[in-house]
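First the structure, in the form of structure tokens, and then the observations on it.
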Amino acid sequence: MSALTRRIALGAIAAAPLAAPALLAGLARPAAANVPPPVGRQAPGWFRFKVGQAEVTVLHDGYFIRPNPADGMVRNATGEQVLGELREMFLPTDAVHNPFNITVVNTGRNLVLFDAGNGTAARPTARFMLENMRASGIEPAQIDTIAVSHFHGDHITGLTDPQGQPIFANARVLAPEPEWNHWMDDGRMSRAPQAAQGGFQNARRQFGAYGAKVERYAPGGELVPGVSSIATYGHTPGHCAFRVSSGNAQLILSSDTTGIPLFLRNPDWHSAFDMDGNMAAASRRRLFDMVVADRIPVVAYHWPFPSASYIVRRGNGFDRVPMEYSLAL
Ligand SMILES: [Zn+2]
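Under the numbering used here, the letters of the sequence shown match residues 1 to 329, in that order.
Here it is in structure tokens:
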């Protein structure tokens, strides 16, 4: 077939829908039968990199949808300011995804889990931490230390299974002392409004399941060799971030020092989840000023998976430069 004849023949097929629909249907049917339905699932949610000799694994627990972000999500900004910022970040403005990332660090001496996720029963879209841990090659029984940043339910409910049994059978659980003093105070619980009771009760359930394996730590000190806590109060009364050090390399796990990246770009905005907005903003600036000055990578609990990022200054706030994926470790 000459090029010209061939072009005419193809043109005839292209014109076929108008001239002969039956011919087109005949062509389309075999192909459609061979195409499977969309898989509808993401890749496994774990991401691994090294910090010096330490091996870091970020585990995705899933996400929670916060509808109507213009309505009360930021206490000290107008709805229009919030929507404008979301548009600038190329994010939808009708609802915000709040992701959850749990980190495991293998220091060579310890296998440390930082917070424990939502558990498997709370939210259909956020219950995947254990599945992703196993997919990454780590078993819950291998965890020897759990460092807790604060007592909000999305960070501690995954300590136990739906029957209330400990999931991490061989781990001791390290909890910040001022956080413990706040949530375990029976008097404060009895004075708290009904809507806040659940948080107090959940803390008792989760830590109660570990009994004598729970230890309290004074923020600012070393938890295990190569891992120390940093007081970043405000989100909650005893909220902590963590520093992982190996040789000259470091990593900051910022926990909820910011929520979603909106609050990294606008560090003075008060999230509805921050119990003391002014104190949280001051802690945020202090931690991220240090991170920028020292060029330390950060994993935050509520940034989009895999979260690991370098931080730069942007305007009056900060922004992320996501860490690049590499097959090499
Ligand atoms: Zn949180």
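Where is the CB? At the ideal position from N, CA and C, for every residue including glycine.
Rounded distance between the beta-carbons of residue j and residue i, thought under 8 Å
i      : j      : result
Pro99  : Trp303 : 7 Å
Phe318 : Arg243 : Incorrect: roughly 18 Å between the Cβ atoms, too far for contact.
Pro306 : Met275 : Going by Cβ atoms, the distance from Pro306 to Met275 rounds to 28 Å, so no, they are not a contact pair.
Gln116 : Ile156 : For clarity, residue 116 is Ala in the given sequence; the question names Gln instead. Right, their Cβ atoms sit about 6 Å apart.
Thr145 : Val224 : 6 Å
Asp61  : Phe128 : 6 Å
Ile102 : Leu59  : 5 Å
Leu253 : Phe64  : Contact doesn't hold; Cβ gap of about 20 Å is too wide.
Arg286 : Tyr310 : Incorrect: roughly 18 Å between the Cβ atoms, too far for contact.
Trp46  : Asn132 : 5 Å
Those residues which DSSP pairs with residue i across a bridge
i      : result
Pro176 : Tyr217
Val312 : Asp319
Arg102 : Reading off the sequence shown, one finds Ile at residue 102, where the question assumed Arg. Bridge partners of Ile102: Leu59.
Ala54  : Val51
Trp46  : Leu59
Ile65  : His97
Arg123 : Ala126
Where the alpha helix (DSSP H) containing residue i begins and where it ends
i      : result
Ser283 : Gly277 to Asp294
Val82  : Gly79 to Glu88
Ser136 : Run containing Ser136: none; DSSP gives neither H nor E here.
Ile156 : Gly153 to Ile156
Leu262 : Leu262 to Arg265
Asp186 : Asp186 to Arg191
Arg75  : Arg75 -> no alpha helix (DSSP H), and no H or E assigned at all.
Gly211 : It is not in any alpha helix (DSSP H) - Gly211 carries neither H nor E in the DSSP assignment.
Distance CB(residue i)-CB(residue j) smaller than 7 Å
i      : j      : result
Asp148 : Ala175 : According to the sequence as given, residue 148 is Val; it is not Asp. Against a cut-off of 7 Å, the Cβ pair of Ala175 and Val148 comes out as a contact.
Gly72  : Ala272 : yes
Ala280 : Gly220 : no
Ala209 : Pro166 : yes
Ala54  : Val105 : yes
Leu327 : Lys50  : no
Val298 : Val112 : no
Ala95  : Val82  : no
Gly52  : Gly247 : yes
Ser245 : Tyr301 : no
Where the beta strand (DSSP E) through residue i begins and ends
i      : result
Ser254 : Ala249 to Ser255
Ser246 : Cys240 to Ser246
Ser229 : Val227 to Ala231
Leu111 : Leu111 to Phe114
Ala300 : Val298 to Ala300
Ala147 : Thr145 to Ala147
Leu223 : Glu222 to Val224
Can you pull every residue whose C-beta falls closer than 6 Å to some heavy atom of ligand 1, listed in chain order?
His152, Asp154, His155, Asp256, Tyr301 and His302
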